[in-house]
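Student: Residue numbers (the numbering used here): 451 to 533. By construction, the Cβ of each residue, glycine as well, lies at the ideal position given by its N, Cα and C atoms.
#1: How many Å lie between residue 509 and residue 455 at the Cα?
#2: Is it the case that the Cβ atoms of residue 491 and residue 459 are separated by a distance below 8 Å?
#3: Do residue 488 and residue 480 have their beta-carbon atoms positioned less than 8 Å apart in this structure?
#4: Mapping DSSP to helix, strand and coil, what is residue 520?
Structure (structure tokens):
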């Protein structure tokens, strides 16, 4: 997939990331129609950083929590016992 004219969006994501390094954390939600490049935009914006990406689709809360715990434990290289 080609990547066109997303400089403003990339700059905004960079600005949000810089804000997250302060005293308050940030949660960013990117929404839009299907197949317009939301995931590609996010991956491009953070390709050189250590960022956790959690895709939230049609999953139940328990599945999302398990997936998030796994991602965080891997990113921080910590052991989290199974339930």
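Tutor: Looking at the coordinates:
#1: For the purposes of this step, residue 509 is taken as residue 59 along the chain shown, with counting starting at 1. For the purposes of this step, residue 455 is taken as residue 5 along the chain shown, with counting starting at 1. Here the alpha carbon of residue 509 sits roughly 32 Å from the alpha carbon of residue 455.
#2: Within the chain shown, the letter at position 41 stands for residue 491. Within the chain shown, the letter at position 9 stands for residue 459. Yes.
#3: For the purposes of this step, residue 480 is identified with residue 30 of the chain shown, where counting begins at 1. For the purposes of this step, residue 488 is identified with residue 38 of the chain shown, where counting begins at 1. Yes.
#4: The residue labelled residue 520 in the question sits at position 70 within the chain shown. Of the three classes helix, strand and coil, the one that applies to residue 520 here is helix, per DSSP.
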